[in-house]
């Protein structure tokens with residue numbers, strides 16, 4: 001039971017915290033994006049993080065004029081560089097999501113990956129109309145992938161009761177109206193990302209009473225990125241076994257290496273603290289070397 005003080009978060013996260021973690025509403029303080037609040041003498045503003053629903057960058061302005069920015073999980077974008085709060089003054093300290101701070105990670109834009117997924121689904125359905133399309137997802141995240149498929153194919157989205165409850169809490173009308181509780185009514189299902197294995201999908205297909213004859217599954221995560229394919233999505237080779245085909249597609253909700261570089265060169269923080277993959281000194285030193293190189297040329 002939480003009783004250690006207020007939790008400041010976005011309105012969407014506030015709903016999830018109360019619903020999923022049963023936190024007493026008295027402790028949950030929802031803050032609107034792009035609105036400055038004064039909390040214990042510190043000016044606090046949440047900015048869109050371009051990550052999962054409810055995620056936010058948090059900008060702090062202290063009474064002595066110093067500014068801190070904590071990205072949390074985020075995917076840097078050019079639109080962030082247009083935000084007035086990031087264009088004025090220099091960030092004193094940046095806490096940076098360094099999930100993919102490695103030059104081998106060169107993700108294509110999310111829009112390109114979504115377009116590839118939609119085209120691939122359409123191609124497989126044309127070949128075999130009784131194909132079940134499966135998208136792997138975490139409890140929260142990847143919604144734009146399966147929403148785009150639903151819109152393009154004009155079909156509902158089947159998910160289990162737990163995910164339906166979460167998705168409805170977002171307050172996104174176009175998503176809510178597409179969600180179905182009947183696994184036979186739609187060729188588009190959302191399953192846990194970890195369950196997208198050949199044997200699991202074969203068994204899942206068998207539970208659907210011959211409604212579908214094949215499975216086309218997508219694993220949308222940056223960890224599926226292949227240097228061989230790079231940004232050429234059509235070079236991605238699926239894994240096929242029997243009636244099950246699985247595509248790993250580099251749909252990342254974290255920044256690529258070049259996006260991190262561009263973000264730092266724009267922001268020019270005085271100090272950077274990486275927050276991911278910092279378990280050993282060698283990793284930390286390598287990342288700090290990247291930061292110094294990027295900031296040296298600004």
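Numbering (the UniProt record's numbering), first residue to last: 1 to 298.
Think of the CB as a built atom: it goes at the ideal place given N, C-alpha and C, for glycine as much as any other residue.
What residue does the beta strand (DSSP E) around residue i start on, and which one ends it?
i	result
residue 214	214–220
residue 133	131–137
residue 166	Looking at the DSSP string, residue 166 is not in any beta strand (DSSP E); the run it does join, the alpha helix (DSSP H), is 161–169.
residue 8	7–10
residue 95	93–96
Locate the alpha helix (DSSP H) running through residue i, then write down its first and last residues.
i	result
residue 258	257–267
residue 120	110–127
residue 204	198–206
residue 274	Segment 272–274 is the beta strand (DSSP E) holding residue 274; no alpha helix (DSSP H) there.
residue 84	84–87
residue 173	173–176
residue 295	281–296
Can you tell which of the options has the C-alpha that lies nearest to the C-alpha of residue i?
i	options	result
residue 293	42, 283, 207 and 265	265
residue 311	34, 164, 277 and 170	The structure shown does not extend to residue 311, since the chain spans only 1 to 298, so no value can be given for it.
residue 78	289, 199 and 262	262
residue 172	194, 185 and 147	147
residue 89	37, 15 and 68	68
residue 190	213, 272 and 162	162
residue 33	23, 41, 21 and 46	46
residue 251	241, 231, 267 and 270	231
residue 111	225, 125 and 145	145
residue 84	75, 72, 48 and 103	48
residue 300	282, 119, 260 and 276	It is not possible to answer for residue 300, since the shown part of the chain is limited to 1 through 298.
residue 61	81, 40 and 52	40
residue 278	134, 119, 258 and 100	100
residue 155	182, 187, 143 and 142	187
residue 53	219, 21, 253 and 24	253
residue 246	5, 30 and 117	117
residue 63	185, 42 and 217	42
residue 24	31, 12, 4 and 270	4
residue 75	10, 109 and 183	109
residue 276	71, 66, 44 and 30	71
residue 299	136, 135 and 153	Missing from the structure shown is residue 299; the chain here goes from 1 to 298 and no further.
residue 218	121, 30, 1 and 35	121
residue 15	65, 282, 166 and 200	166
residue 169	7, 13, 2 and 9	13
residue 200	136, 211, 129 and 130	136
residue 1	9, 20, 8 and 11	20
residue 129	176, 272, 210 and 65	210
Helix, strand or coil for residue i, going by three-state DSSP, please let me know.
i	result
residue 43	strand
residue 240	strand
residue 156	coil
residue 30	strand
residue 145	helix
residue 224	helix
residue 74	coil
residue 53	coil
residue 20	helix
residue 338	Look at the range of the chain in this structure, 1 to 298, and you will see that residue 338 is not part of it.
residue 69	strand
residue 61	strand
residue 180	strand
residue 99	coil
residue 13	helix
Since residue i and residue j are thought to touch, with beta carbons under 8 Å apart, how far apart are those beta carbons, to the nearest angstrom?
i	j	result
residue 178	residue 150	5 Å
residue 215	residue 113	No, residue 215 and residue 113 are not in contact; Cβ-Cβ is about 20 Å, not under 8 Å.
residue 91	residue 267	6 Å
residue 106	residue 256	6 Å
residue 221	residue 193	7 Å
residue 132	residue 205	7 Å
residue 202	residue 242	7 Å
residue 347	residue 44	One cannot answer for residue 347 here, as it falls past the ends of the chain, which runs 1 to 298.
residue 183	residue 208	7 Å
>> When you compare the region 54–61 with the region 233–248, are there three or more beta-carbon pairs, one atom per stretch, that lie closer than 8 Å?
In response: Contact between the region 54–61 and the region 233–248 is absent, because fewer than three Cβ pairs lie under 8 Å.
> When the Cβ atoms of the region 278–290 are set against those of the region 92–101, are three or more pairs found closer than 8 Å?
Replying inline: yes
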